[in-house]
Amino acid sequence: MSLAADPALFRGAERLEPGRTVLCVFDLLEIYRPAAEAAGVIPTVRRLADGCRERGAVVAWARADHRADGLDLARSLSDLDGKHRAFGPEHPRPDRPPAGQGDPAYRTLAELGQQPGDVDVPKHRWSALEGTCLLPTMRARGADTLLLVGGSTHVGVAATAYAARDLDLQVVVVRDGLTGREPQRSFFADEVFPRVCRVRTTDEVLAALDRSRIETGGPA
């Protein structure tokens with residue numbers, strides 16, 4: 001049966017095999033706490049991470065990890081900063097990150113409950129797959145499905161989703177776990193990601209993981 005014809009790929013019948021699934025929590029860090037709190041995602045992502053782990057899926061925590069001296073800072077030029085302010089003589093482009101490696105600002109939000117057995121993914125670019133341990137970890141586990149939450153939606157999450165698709169991974173963006181600037185967040189969730197991958201809620205993801213366990217005879 002082709003992928004297009006498989007009824008298990010559609011809502012209400014989807015299955016996500018825990019052993020082939022990795023949840024990537026993207027940049028939910030102290031430095032970005034205001035965005036996470038504004039989006040109201042902290043309890044949702046905690047429930048998703050705990051639920052994935054309990055069902056046997058790997059939980060990975062992608063986090064910005066830049067040298068304080070800016071030596072590894074991206075050099076690609078852009079017109080706007082993260083708050084969509086134009087660069088210019090009065091607002092020059094930065095040559096250093098707002099915090100350096102080891103700074104408490106780059107710690108994952110404690111409320112999310114990161115565990116020692118989870119996968120730590122320090123990263124130096126927007127994509128959590130660029131130069132990190134995430135892809136080798138997935139390949140070593142035999143995982144081909146990447147769940148994405150966090151932010152910002154139209155920057156790091158989008159970069160990771162595109163990169164994962166080009167690597168022929170299955171991608172599921174978990175809509176109620178996204179953060180970032182509006183209206184870009186909603187636009188990507190409604191208009192962009194559905195063309196790139198699947199967009200689901202936390203409830204739908206956990207139900208799909210449960211459905212796979214039940215249908216394969218695993219514990220309910």
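So the sequence shown is numbered by this note's numbering: it starts at 1 and just counts up by one.
The beta-carbon is built from N, C-alpha and C at its ideal position, and this holds for glycine as well.
If we ignore side chains and look at the alpha-carbon of each, how far apart do residue 80 and residue 210 end up? Sequence index remark: in the sequence shown, residue 80 carries index 80 (1-based). Sequence index remark: in the sequence shown, residue 210 carries index 210 (1-based). Going by the C-alpha atoms only, they are around 43 Å apart.
Please classify residue 47: does DSSP put it in a helix, a strand, or coil? Position 47 of the sequence shown, counting from 1, holds the residue named residue 47. Of the three classes helix, strand and coil, the one that applies to residue 47 here is helix, per DSSP.
List in chain order: all unbroken alpha helix (DSSP H) runs of 4+ residues lying wholly within the segment 100-161. Every alpha helix (DSSP H) of 4 residues or more that sits fully in the segment 100-161 is shown, in chain order, as 134-141.
Close beta carbons around residue 31, own chain, < 7 Å, minus the five adjacent residues each side: Mapped onto the sequence shown, residue 31 falls at position 31. Here the set comprises 98, 99, 105, 106.
Beta-carbon proximity list for residue 163, same chain, < 6 Å, skipping 5 on both sides: Translated into positions along the sequence shown, residue 163 becomes position 163. Cβ within range, chain order: 127, 129.
Using a Cβ-Cβ cutoff of less than 8 Å, which residues in the same chain neighbour residue 4 once the five nearest sequence positions on both sides are dropped? Translated into the one-based positions of the sequence shown, residue 4 becomes position 4. The pLDDT assigned to residue 4 is 46, lower than 50, so where the model puts this residue is not dependable; a value taken from the coordinates is nonetheless given after this. Result list for residue 4: empty, nothing under 8 Å.
Nearest candidate by alpha-carbon position, reference residue 183, set 19, 90, 39: Numbered from its first residue, the sequence shown carries residue 183 at position 183. The shortest Cα separation from residue 183 among 19, 90, 39 belongs to 39.
Does DSSP classify residue 26 as helix, strand or coil? As a position in the sequence shown, residue 26 is number 26, starting the count at 1. Note: residue 26 maps to strand in three-state DSSP.
Spatial neighbours of residue 179 in its chain, beta-carbon cut-off 8 Å, leaving aside the 5 residues before and after: One-based indexing of the sequence shown puts residue 179 at position 179. So the list reads 28, 32, 35, 36, 38, 39, 41, 150, 151, 152, 153, 185, once near-sequence residues are dropped.
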